[in-house]
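As you go down the protein sequences, you meet chains V and C in turn. Each residue of the first sequence is one higher than the one before, counting from 12 in our numbering. Each residue of the second sequence is one higher than the one before, counting from 880 in our numbering. Glycine included, each C-beta is placed from N, C-alpha and C at the ideal position. Quantities reported herein were computed from a predicted structural model and do not represent experimental measurements.
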Amino acid sequence: DAGVIQSPRHEVTEMGQEVTLRCKPISGHDYLFWYRQTMMRGLELLIYFNNNVPIDDSGMPEDRFSAKMPNASFSTLKIQPSEPRDSAVYFCASSLVVWGSYSGNTIYFGEGSWLTVV
Amino acid sequence: AQSVAQPEDQVNVAEGNPLTVKCTYSVSGNPYLFWYVQYPNRGLQFLLKYITGDNLVKGSYGFEAEFNKSQTSFHLKKPSALVSDSALYFCAVRTENYGGATNKLIFGTGTLLAVQP
Chain V
12 DAGVIQSPRH
22 EVTEMGQEVT
32 LRCKPISGHD
42 YLFWYRQTMM
52 RGLELLIYFN
62 NNVPIDDSGM
72 PEDRFSAKMP
82 NASFSTLKIQ
92 PSEPRDSAVY
102 FCASSLVVWG
112 SYSGNTIYFG
122 EGSWLTVV
Chain C
880 AQSVAQPEDQ
890 VNVAEGNPLT
900 VKCTYSVSGN
910 PYLFWYVQYP
920 NRGLQFLLKY
930 ITGDNLVKGS
940 YGFEAEFNKS
950 QTSFHLKKPS
960 ALVSDSALYF
970 CAVRTENYGG
980 ATNKLIFGTG
990 TLLAVQP
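Here is the structure:
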């Protein structure tokens with residue numbers, strides 16, 4: 012399997028512009044997560060989906076952030092309008108949950124989207 | 880609420896010496912515990928996990944971790960450190976929830992491992 016695929020890998024944009032980050036999870040996985048990593052706050056869970064349905068978006072910073080998962084193989088994280096404080100690495104991750112089983116439950120991460128807002 | 884603590888921001892060790900990166904957790908219910916490694920400008924890579932069974936778990940690159948329920952710890956260890964092990968290490972916990980309503984992986988703040996040649 013190719014793993015979790017994220018695009019773009021790097022993006023530099025101007026304040027006020029719309030940013031769309033994309034993610035393709037590992038085929039067959041039923042959970043998808045969006046994390047943000049910054050030096051100040053470390054790894055933060057923004058939102059996660061189960062079977063394409065958002066389960067918990069309590070980590071989304073504000074209304075400028077939105078996430079969708081239209082199907083099992085694609086998700087987007089959108090920032091509109093972007094601000095310099097949104098500069099961070101955004102990770103998408105996916106997993107297959109099998110309660111009580113050793114074989115499942117591992118969350119696999121993509122390589123991240125490195126966002127700089129100037 | 881579940882949480883993970885990594886008490887050391889940085890661990891320094893000489894190449895060839897054993898290393899330990901500490902992690903303690905607090906959860907209600909049975910914990911699923913994980914270690915991830917992050918190399919510069921890369922994503923997080925899965926190292927090993929404890930779900931159930933033997934308390935000593937072996938993972939990638941010669942790493943292992945010991946689950947200690949009484950001390951609520953899951954320390955990462957390696958008998959002989961390599962310079963290439965230098966990276967940022969994250970401990971994480973996930974709780975078993977049959978309701979499926981919460982399924983978060985909560986990360987510690989990370990520990991930077993520096994292995995000197």
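Query	Result
What does a CB cutoff of less than 7 Å around residue 886/C pick up in its chain, not counting 5 residues either side in sequence?	901
How would you list, in chain order, the residues of chain V whose beta-carbon sits under 9 Å from the beta-carbon of residue 942/C?	Under the 9 Å cutoff, chain V gives no residues; its nearest Cβ is about 15 Å from residue 942/C.
In chain order, what are the residue ranges of uninterrupted alpha helix (DSSP H) at least 4 long that sit wholly in the segment 27-110 of chain V?	none
Please report the straight-line C-alpha distance between residue 102/V and residue 13/V, rounded to a whole angstrom.	16 Å
Would you grab the beta carbon distance between residue 126/V and residue 99/V for me? Rounded to a whole angstrom, and I think it's under 8 Å.	6 Å
In the segment 944-978 of chain C, which residue ranges form an unbroken beta strand (DSSP E) of at least 3 residues, counting only runs that do not cross its ends?	952-957 and 966-974
Is DSSP giving residue 980/C helix, strand or coil here?	In this prediction, residue 980/C has a pLDDT of 39, which is less than 50 and means its spatial position is unreliable; what the coordinates show is noted afterwards. Coil, per DSSP.
My output table needs one value for residue 918/C: the three-state DSSP class, helix, strand or coil.	coil
If we ignore side chains and look at the alpha-carbon of each, how far apart do residue 934/C and residue 946/C end up?	5 Å
Can residue 880/C be considered in contact with the ligand NAD, in the sense that its beta carbon sits closer than 7 Å to one or more heavy atoms?	The model depicted lacks the ligand NAD and carries no ligand whatsoever.
Can you list, in chain order, the residues of the segment 17-45 of chain V whose Cβ is nearer than 9 Å to any Cβ on chain C?	17, 42 and 44
Just tell me which of 118/V, 43/V and 128/V has its CA closest to the CA of residue 78/V.	43/V
Tell me, please, whether the CB atom of residue 88/V is closer than 8 Å to any CB atom in chain C?	no
When you compare the CB of residue 126/V with every CB in chain C, is at least one pair closer than 8 Å?	no
Within the same chain, show all residues whose beta-carbon is closer than 7 Å to that of residue 70/V, passing over the 5 residues directly before and after it, in chain order.	55, 56, 57 and 58
Beta carbons nearer than 8 Å to chain C: which residues of the segment 58-83 of chain V have them?	59, 61, 66 and 67
Helix or strand or just coil, what does DSSP make of residue 939/C?	helix
For residue 922/C, decide whether its Cβ has a neighbour in chain V, counting only Cβ atoms nearer than 8 Å.	yes
Since residue 127/V sits in a beta bridge, which residues does DSSP pair it with?	23/V
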